[in-house]
Amino acid sequence: MGARGKDLAAWHDTTIIIPTYNEEQNIGQLLPVLLRQYQGVSILVVDDDSTDRTAQVVRRIAGEKHPSAKAVRGAARVRLLQNKGRRQRGLTASVVEGMMACASPTKATVHRYCVVMDADFQHPPEKVGDIIHALRDGADLAVGVRESLPGDWPISRRLISRGAILLGNCRLLLSGRVCRDIASGFFGCDVAVAQRAINRSAGSFEMPGYKVLFDILKYGDMRRIGYVPYTFALRKHGDSKLGKKHIVSFLKALVK
């Protein structure tokens, strides 16, 4: 295999899952960055029935004929799943659907790893590789840990995040584990571990919620958790989706 072939195969065992809702301004910038940086990776955008042009932007990039948008042997590297008209909505529902759909572009084999990240550049694309390497080094779950927060991040958001981590870890003690950042939306895991956690939960994931990592930690059988520090950034475009209903969903998840 030549140098180009090796580059294309470098990330062939991983699917990047990006849940979206009205992210047309961000997703069109993020996908080319990931495609250039991680040759051979598959990207699965799971859109929660956006009312803007998010789906159209993803389809356009998926159909482009440049090498960075194609996988080894010509299979498409970018796929779009839409939650249009489905009963279960929300970020967690989108990520769960993506995890259950993690397969190679030809659907011949299930990818070994998946990485979950937001579309808004709050999760740095350059850290995706560190998460994948942590998984390859033996972690069943690799969590992006927010080492620093933007100076102008609202105090209310800081308190919500810290409170969620504290309460979440109290709940996780029942499962014999803790996690440095259970509120992180940036993480990777062994696909088999994720799918077993989803199946074991018997429908108990809090689908309208936004802390899918917490549900995976509750129901997963991971033996080793790795951590990847990163600097949390402000959204590049658009507004935060966090609302009261997400806080209520997290409180429900605590008692399940």
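For the sequence shown, the working numbering begins at 1428 and goes up steadily by one.
We put the beta carbon where it would ideally sit given N, CA and C, even for glycine.
Opposing strand residues paired with residue i [DSSP bridges]
{"i": "R1573", "result": "Y1657"}
{"i": "Y1614", "result": "Reading off the sequence shown, one finds Phe at residue 1614, where the question assumed Tyr. Beta-bridge pairing links F1614 to V1543, V1570."}
{"i": "D1642", "result": "DSSP output for D1642 lists no bridge partner at all."}
{"i": "S1477", "result": "DSSP lists no partner for S1477."}
{"i": "T1447", "result": "D1474"}
{"i": "R1506", "result": "L1471"}
{"i": "V1441", "result": "As written in the sequence, residue 1441 is Thr, which differs from the Val given in the question. Note: T1441 sits in a beta bridge opposite Y1540."}
{"i": "I1454", "result": "Looking at the DSSP assignment, I1454 forms no beta bridge with any residue, so it has no partner."}
{"i": "I1390", "result": "The chain is shown from 1428 up to 1683; residue 1390 falls before or after that span and cannot be answered."}
Own chain residues within Cβ distance below 8 Å of residue i, not counting five before or after
{"i": "A1610", "result": "S1588, A1591, I1592, G1595, K1638, L1640, F1641"}
{"i": "D1545", "result": "I1445, P1446, G1612, F1613"}
{"i": "S1602", "result": "L1644, K1645"}
{"i": "R1486", "result": "L1507"}
Proximal residues to residue i (C-beta, below 7 Å), its chain only, five neighbours per side dropped
{"i": "R1480", "result": "E1451"}
{"i": "D1440", "result": "H1538, R1539, Y1540"}
{"i": "V1460", "result": "P1552"}
{"i": "V1484", "result": "E1451, I1454, G1455"}
{"i": "D1608", "result": "V1570, V1572, R1573, I1592"}
Burial state of residue i, where buried means 16 or more other Cβ atoms lie within 10 Å
{"i": "C1597", "result": "exposed"}
{"i": "L1457", "result": "buried"}
{"i": "D1648", "result": "exposed"}
{"i": "D1564", "result": "exposed"}
{"i": "I1443", "result": "buried"}
{"i": "I1582", "result": "exposed"}
{"i": "L1600", "result": "exposed"}
Residue from the options with nearest C-alpha to residue i
{"i": "M1527", "options": "V1542, K1511, R1627, Q1622", "result": "Q1622"}
{"i": "Y1654", "options": "S1469, Q1456, G1556, W1438", "result": "G1556"}
{"i": "A1629", "options": "V1523, G1615, G1571, R1607", "result": "V1523"}
{"i": "N1510", "options": "Q1483, R1627, G1490, S1477", "result": "S1477"}
{"i": "Y1448", "options": "M1634, D1474, R1516", "result": "D1474"}
{"i": "I1625", "options": "A1520, L1471, I1470", "result": "A1520"}
{"i": "K1679", "options": "E1633, I1559, L1600", "result": "E1633"}
Residues near residue i by beta carbon distance below 6 Å, same chain, minus five either side
{"i": "Y1465", "result": "W1438"}
{"i": "Q1515", "result": "M1634"}
{"i": "V1542", "result": "I1443, V1555, I1558, G1615"}
C-beta neighbour in chain B for residue i, strict 9 Å
{"i": "R1607", "result": "In summary, chain B is missing from the structure at hand, where a single protein chain is found."}
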